[in-house]
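*Asks:*
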Amino acid sequence: MNIVQEEVERLGKNKALEKCIKESNDLLSYLKQKQEQLNQDTDDLKVQDVQIKINYWANQSLKHEKSLNTVIKKYQKSIDKVFNFDLSEVYRHRIPLESTRCRQLVDRALIMHLLRIGDFEAANTIAKMDNIQVPDQLLNKFHELEEISEDLTVHHRLEKAIAWANVNKHNLQRIGSDLQFNLHKLKFIDIYKKNPSSPYPAYEYAKINFPHFGNTHLDVISKLMSSTIFTPNEPENPYLDSIDLTSSPYQKLFTQLSRDFCSFVGLSSESPIFNTLQASYIAIPNFVKFNKISKMKNEKLDWTSENELPFEVELPKSLQFHSIFICPVSKEETTPQNSPMALGCRHLISKDSLAKLKKRNSSIKCPYCPKTFAANEIQEVQFI
Ligand SMILES: [Zn+2]
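Next comes the structure, spelled out in structure tokens:
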């Protein structure tokens, strides 16, 4: 994989295309200028000069093209070298897609991924092919997410996201999300910077929107309010500078919003298809190596257990999932029949333990924190 990375970097560093575009634009401007002078008869145009310019441009373009082609060829070769294997031979435990059930499960995961990224047309095509009915309610929610995404990440407009967070504020509080405050914080900074001569519009915004967050975000609110001592056009503002703002706050906020949104519609925060592909990308070289060794030894090395790999695959923390859950109340491992259940505060206990808690009281009190919940606030959880 390192070879491919090196070639990708080399391709990125090659500036032949940029140079070629710049020189072509320069030549175009020169020719337009000459044409104008010719129309106005203000220049004693020498055809020879123009010819020299064009020839020089043609030679340079050819050089740039060659340089770019060389890098692209090397890049292709390195990819061929690394990926020159037959996947069905390297990984033999394929998903039986001829089974309708398996095909539908894979396609369902694909549809959910496409809805997450806003590709409704492709999602619809797959759903039609497989006769999978995506509920209208869910579709409408994803359309709303798509609109918020465009407003936030493309136009840097916060209104729709703030409106969504206001409607869902109780749910956001329930899962301990600070999205609503983060949106108002960015809106405050946005108003502050857009009014260079007066901090008052931002101050007015803060007066209306920050009081609800006094209990949880007082330190940041203090800094934001203190920043209004300075007018926004002053070069330095120690209060605002001390607030940690990432280089892409709008994208970061959308990631947070999308994660909370998915949790409300019962989806994992990251797309399972995306996670699977990421893990596969990391694991494939191990499978290729295993296959090579197996061939060299001239014997078919097989896995001892179907659910266990014969080698270690080092995955980053974000891709490590625990398939086993021990109920902290009963100390028993959960099973498909006695599945883990998430309380409204996101603490987990087993279904049996929950049933025992239900028997004692009409509302359910979390055994780990002071919160209580109604039965409809509890969701089943699946560990993968
Ligand atoms: Zn709890």
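In this text, residue positions in the sequence shown follow the UniProt record's numbering: the first is 1, and each later residue adds one. Each residue gets a CB set at the ideal place from its N, CA and C atoms; glycine is no exception.
List the DSSP bridge partners of Thr372.
*Replies:* For Thr372, which the question treats as bridged, DSSP gives the partners Lys365.
*Asks:* Is Leu343 near ligand 1, judged by its Cβ being under 7 Å from some heavy atom?
*Replies:* Answer for Leu343: yes, Cβ within range of ligand 1.
*Asks:* Rounded to whole angstroms, what's the CA-CA distance from Phe83 to Val106? Just pull it up for me.
*Replies:* Near 24 Å, if we compare the C-alpha coordinates of Val106 and Phe83.
*Asks:* Who does Gln137 pair with in a DSSP beta bridge?
*Replies:* According to DSSP, Gln137 bridges with nothing at all.
*Asks:* Quick one: residues in its chain with C-beta nearer than 8 Å to the C-beta of Phe264, no 5 flanking neighbours on either side, listed in chain order?
*Replies:* So the list reads Asn168, Asn171, once near-sequence residues are dropped.
*Asks:* Among the candidates Gln76, Pro211, Gly176, Ser280, whose CA atom is the shortest distance from the CA of Lys185?
*Replies:* Taking only the C-alpha atoms, the option nearest Lys185 is Pro211.
*Asks:* Answer yes if the segment 129-137 comes into contact with the segment 93-108, meaning at least three C-beta pairs across the two stretches below 8 Å, and no otherwise.
*Replies:* Verdict: yes, contact present.
*Asks:* Could you tell me the boundaries of the alpha helix (DSSP H) in which Ser330 lies?
*Replies:* No alpha helix (DSSP H) contains Ser330, which DSSP labels as neither H nor E.
*Asks:* Between the segment 312-321 and the segment 342-351, are three or more C-beta pairs nearer than 8 Å?
*Replies:* In short, these stretches do not touch, since the Cβ pair count stays below three.
*Asks:* Could you check the C-alpha separation between Gln278 and Ser271 for me, to the nearest Å?
*Replies:* Approximately 11 Å between the Cα atoms of the pair.
*Asks:* Is Cys327 near ligand 1, in the sense that its beta carbon is under 7 Å from a heavy atom of that ligand?
*Replies:* The answer is no for Cys327.
*Asks:* Could you give the C-beta distance for Tyr205 and Phe188, rounded to a whole number, given that I count them as a contact under 8 Å?
*Replies:* So it is a contact: roughly 6 Å between Cβ atoms.
*Asks:* If you follow the alpha helix (DSSP H) that Ile132 is in, where does it begin and where does it stop?
*Replies:* That residue, Ile132, is in no alpha helix (DSSP H); it is neither H nor E in DSSP.
*Asks:* Measuring straight from C-alpha to C-alpha, what distance separates Gln379 and Gln337?
*Replies:* So the two alpha carbons sit approximately 15 Å from each other.
*Asks:* Can you give me the start and stop residues for the alpha helix (DSSP H) that Ile72 sits inside?
*Replies:* Ile72 -> alpha helix (DSSP H) spans 47-82.
*Asks:* Just checking my contact of His64 with Cys102 at CB under 8 Å: how many whole Å lie between their CB atoms?
*Replies:* Not a contact, Cβ separation roughly 50 Å.
*Asks:* Does the distance from the CB of Phe213 to the CB of Ile221 come in under 8 Å?
*Replies:* Against a cut-off of 8 Å, the Cβ pair of Ile221 and Phe213 comes out as a contact.
*Asks:* Do Ile364 and Lys356 have their CB atoms nearer than 8 Å?
*Replies:* No.
*Asks:* So, helix, strand or coil for Leu348, using DSSP?
*Replies:* Leu348: strand per DSSP, three-state reduction.
*Asks:* The beta strand (DSSP E) with Pro340 in it runs from where to where?
*Replies:* Note, Pro340: beta strand (DSSP E), 340-342.
*Asks:* Relative to the alpha-carbon of Glu89, which residue among Phe290, Gln40, Asp219 has its alpha-carbon at the smallest distance?
*Replies:* Out of Phe290, Gln40, Asp219, Phe290 has the C-alpha closest to the C-alpha of Glu89.
*Asks:* Below 8 Å on the Cβ atoms is my guess for Gly118 versus Glu159; work out the distance and round it to an integer in Å.
*Replies:* Not really, about 19 Å apart at Cβ, beyond 8 Å.
*Asks:* State buried or exposed for Cys327, treating a residue as buried only when at least 16 other CB atoms are found within 10 Å of its CB.
*Replies:* Result: buried.
*Asks:* Using a Cβ-Cβ cut-off of 6 Å (strictly less than) and excluding sequence neighbours within five positions of residue 386, which residues of its own chain qualify?
*Replies:* Any question about residue 386 goes unanswered here, given that the chain covers just 1 to 384.
*Asks:* Could you give the C-beta distance for Arg232 and Pro199, rounded to a whole number, given that I count them as a contact under 8 Å?
*Replies:* Sequence check: residue 232 is Pro here, not Arg. Contact holds; Cβ gap of about 6 Å.
*Asks:* Report, in whole angstroms, the separation of the C-beta atoms of Ile79 and Val4, which I expect to be a contact under 8 Å.
*Replies:* Yes, they are in contact, since the Cβ atoms of Ile79 and Val4 sit about 6 Å apart, within 8 Å.
*Asks:* Residue range of the alpha helix (DSSP H) that Asn25 falls in?
*Replies:* Start and end: 16-40.
*Asks:* Considering Pro272, what are the terminal residues of the alpha helix (DSSP H) in which it resides?
*Replies:* Its alpha helix (DSSP H) spans residues 272-296.
*Asks:* Can you tell me whether Met112 is buried or exposed, with buried defined as 16 or more other CB within 10 angstroms of its CB?
*Replies:* With 16 or more Cβ atoms within 10 Å of its Cβ, Met112 is classed as buried.
*Asks:* Taking 7 Å as the cut-off, is the CB of Lys358 close to at least one heavy atom of ligand 1?
*Replies:* Because no heavy atom of ligand 1 lies under 7 Å away, the Cβ of Lys358 does not count as near it: no.
*Asks:* Could you tell me the distance, in whole angstroms, from the CA atom of Gly176 to the CA atom of Tyr239?
*Replies:* If you take the alpha carbons of Gly176 and Tyr239, they lie about 26 Å apart.
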